[in-house]
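This report refers to the structure that appears directly beneath it.
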Amino acid sequence: MSVPPRFRSADSGERDFRSVLGPTGNKLQRKPPGMKLENKKMTIVESKGEKTAKKPDPPASPTTTLKQCSSLCSSLLRRNSASMTASYSSDASSSCESSHLSVASSSSCKKAVRRSGSVSSVGTCAAARRKQVDEKEDKVCGGGVSNGDCFADGRRRCAWITPKSDPCYVTFHDEEWGVPVHDDKKLFELLCLSGALAELSWTDILSGRQLLREVFMDFDPIAVSELNEKKVTAAISLLSEVKLRSILDNARQVRKIIAEYGSFKKYMWNFVSNKPTQSQFRYQRQVPVKTSKAEFISKDLVRRGFRSVSPTVIYSFMQAAGLTNDHLIGCFRYQDCCCVDAETTTKTKKMERE
């Protein structure tokens with residue numbers, strides 16, 4: 225029977241030192257001090273009927289290995305650069321033949337490749353762009369510190385109110401938005417109008433506001449809770465059926481809150497400790513779409529059975545009802561709402577004392 229060849233070392237007690245992976249790359253492991261390097265003995269291979277001897281190849285020195293790696297890397301880099309140059313030239317030629325748009329896109333890509341792309345440069349550019357936007361907002365009416373007057377009445381307003389805005393929207397901003405509201409009917413109305421923002425803009429909602437007041441009994445929550453759903457749906461085409469049903473359902477829940485707290489006003493103003501939040505925003509981009517307080521109120525309303533009361537809707541309601549004063553500090557209504565808040569607080573304290 226033939227026996228497979230087996231390998232055995234003539235000196236198995238000698239330690240074979242191989243290259244290991246260190247923190248800085250592949251390195252040759254060194255012998256401990258005091259030991260001498262010895263030549264490895266020949267390895268004998270035994271097979272059937274014959275014996276052969278092979279002498280192992282000497283290990284490559286670290287200098288030779290590094291030279292080979294460096295030459296290999298340089299050749300690969302040269303090949304990659306040559307292929308990239310060829311691809312750039314082919315892309316440029318094809319773009320020139322195709323269309324002007326492709327030429328512009330390829331040139332913009334080349335410019336992006338030439339840029340360094342470092343984090344510091346990107347951050348500097350973003351800060352510079354933000355500064356330019358802030359300067360433009362300062363020059364525009366309502367930007368906060370503009371000396372020029374964009375409106376005929378000589379007043380500066382919030383940045384989202386322009387001379388081209390709808391008159392009903394400007395009136396809503398000047399007379400109602402941000403003013404603290406302490407009436408149950410008014411609070412319920414603003415809650416319903418804020419819920420309609422998911423489908424319409426403030427301009428569209430305010431234009432049909434009178435029709436909504438007629439159908440919903442001046443937004444009396446107790447009267448609305450008793451309305452017939454079919455009649456309401458047939459009378460109003462401004463809002464979707466889902467929004468109309470949510471108004472009726474919310475009126476029933478408001479009725480329960482009035483029975484529990486005594487008034488819807490008391491329930492809502494308890495969330496802000498009966499004092500509006502005075503924001504000090506300078507630019508429009510600083511005004512949030514929702515806050516943690518709005519999320520907290522939204523969760524409580526949902527728990528009670530309210531519909532269409534997402535955190536974004538609730539924050540819009542807080543802005544309109546004056547629970548928070550989000551007028552920009554450059555708007556003439558900012559100080560007016562602060563004064564209204566002070567007067568309301570004084571009246572409330574007198575009523576509590578009496």
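Per the working numbering, the very first residue in the sequence shown carries number 225; after that it's consecutive.
For every residue, glycine included, the Cβ atom is placed at its ideal position computed from N, Cα and C.
Exercise for the section: Counting only the same chain and skipping the five closest in sequence on each side, list residues whose C-beta sits under 7 Å from that of residue 548. Expected result: So the qualifying residues of the chain are 500, 501, 503, 542.
Problem - For residue 558, the three-state DSSP class (helix, strand or coil) - result: Collapsing the DSSP output to three states places residue 558 in a helix.
Problem - Residue of 494, 539, 425 minimising C-alpha distance to residue 513 - result: Cα-wise, what sits closest to residue 513 is 539.
Exercise for the section: Inspect the beta-carbon positions of residue 564 and residue 403 and report whether they are closer than 8 Å. Expected result: Against a cut-off of 8 Å, the Cβ pair of residue 403 and residue 564 comes out as a contact.
Handout entry: Sheet register partners of residue 502 (DSSP bridge)
Key = 549, per the DSSP bridge assignment.
Problem - residue 432 - DSSP class collapsed to helix/strand/coil - result: In this structure, residue 432 counts as coil in the three-state DSSP scheme.
Exercise for the section: For residue 435, count neighbouring C-beta atoms within 10 Å of its own C-beta (all shown protein chains included) and say buried if the count is 16 or more, exposed if not. Expected result: Classification for residue 435: exposed.
Problem - Cα-Cα separation, residue 498 to residue 528 - result: Roughly 21 Å separates the two Cα atoms.
Exercise for the section: Consult DSSP for residue 471 and reduce its assignment to one of helix, strand or coil. Expected result: Residue 471 falls in the helix class under three-state DSSP.
Problem - Environment of residue 470 [buried if 16+ CB atoms lie within 10 Å] - result: A residue is called buried when at least 16 other Cβ atoms come within 10 angstroms of its Cβ; residue 470 meets this threshold and is buried.
Problem - contact_flag[the region 551-559, the region 518-538] where n(CB pairs < 8 Å) is 3 or more - result: Touching, no.
Exercise for the section: Would you kindly check if the distance between the Cβ of residue 445 and the Cβ of residue 581 is under 8 Å? Expected result: Here the chain covers residues 225 to 578 and nothing more, so residue 581 does not appear.
Handout entry: Proximity below 8 Å, CB of residue 188 to CB of residue 448
Key = Because the chain is modelled from 225 through 578, residue 188 falls outside the range shown and cannot be assessed.
Practice task
Could you tell me if residue 526 is buried or exposed, where buried requires 16 or more neighbouring beta carbons within 10 angstroms of its beta carbon?
Solution key: A residue is called buried when at least 16 other Cβ atoms come within 10 angstroms of its Cβ; residue 526 does not meet this threshold and is exposed.
Exercise for the section: Excluding the 5 residues preceding and the 5 following residue 429 in the sequence, name in chain order all residues of the same chain whose CB lies nearer than 6 Å to its CB. Expected result: The answer, listed in chain order, is 417, 420.
Practice task
Compute the Euclidean distance between the alpha carbons of residue 406 and residue 551, then round it to the nearest angstrom.
Solution key: When rounded, the distance between both Cα atoms is 19 Å.
Problem - For residue 479, the three-state DSSP class (helix, strand or coil) - result: Residue 479 falls in the helix class under three-state DSSP.
Practice task
Can you grab the Cα-Cα spacing for the pair residue 318 / residue 353, in whole Å?
Solution key: Legend: pLDDT at residue 318 = 41, less than 50; position of this residue unreliable, no value from coordinates given.
Handout entry: Nearest-angstrom Cα separation, counted from residue 384 out to residue 509
Key = Cα to Cα, residue 509 sits roughly 10 Å from residue 384.
Problem - residue 383 - DSSP class collapsed to helix/strand/coil - result: Residue 383 sits in coil when the DSSP states are folded into three classes, being neither helix nor strand.
Practice task
Please name the residue, chosen from 560, 546, 561, that lies closest to residue 414 on a Cα-to-Cα basis.
Solution key: Closest option to residue 414, Cα to Cα, is 546.
Practice task
Following the continuous alpha helix (DSSP H) through residue 444, name the residue where it begins and the one where it ends.
Solution key: First-last for residue 444: undefined, no H or E at that position.
Problem - Identity of the residue in 433, 532, 480, 426 nearest residue 394 by Cα - result: Among 433, 532, 480, 426, the Cα nearest to that of residue 394 belongs to 426.
Handout entry: Of the listed residues 431, 490, 379, 376, nearest to residue 396 (C-alpha basis)
Key = Nearest to residue 396 by C-alpha distance, out of 431, 490, 379, 376, is 431.
Handout entry: Neighbourhood of residue 439 by C-beta, 7 Å cutoff - its chain only, sequence neighbours within 5 removed
Key = Within the same chain, 456, 459, 460 come within 7 Å of residue 439 by CB-CB distance, once the 5 residues on both sides are set aside.
Practice task
Could you spell out where the alpha helix (DSSP H) holding residue 515 opens and where it closes?
Solution key: Per DSSP, residue 515 lies in no alpha helix (DSSP H) segment and is marked neither H nor E.
Practice task
Take residue 464 as the anchor and find which of 378, 424, 491 has the nearest alpha-carbon.
Solution key: Residue 424 holds the alpha-carbon nearest to the alpha-carbon of residue 464 among 378, 424, 491.
Handout entry: Straight-line Cα distance separating residue 559 from residue 408
Key = The alpha-carbon atoms of residue 408 and residue 559 are separated by roughly 25 Å.
Practice task
Tell me whether the beta-carbon of residue 411 lies closer than 8 Å to the beta-carbon of residue 488.
Solution key: At a Cβ-Cβ threshold of 8 Å, residue 411 and residue 488 count as neighbours.
Problem - Contact set for residue 522: own chain, Cβ-Cβ below 8 Å, skip 5 residues either direction - result: Taken in chain order, the residues that qualify are 533, 534, 535, 537, 538.
Exercise for the section: Hey, could you find the ends of the alpha helix (DSSP H) residue 419 is sitting in? Expected result: Element bounds for residue 419: 408-419.
Practice task
State buried or exposed for residue 483, treating a residue as buried only when at least 16 other CB atoms are found within 10 Å of its CB.
Solution key: By the beta-carbon neighbour count (other beta carbons within 10 angstroms, threshold 16), residue 483 is exposed.
Exercise for the section: Kindly indicate which three-state DSSP category residue 458 falls into: helix, strand or coil? Expected result: In the structure shown, residue 458 sits in a helix (DSSP, three-state: H, G or I).
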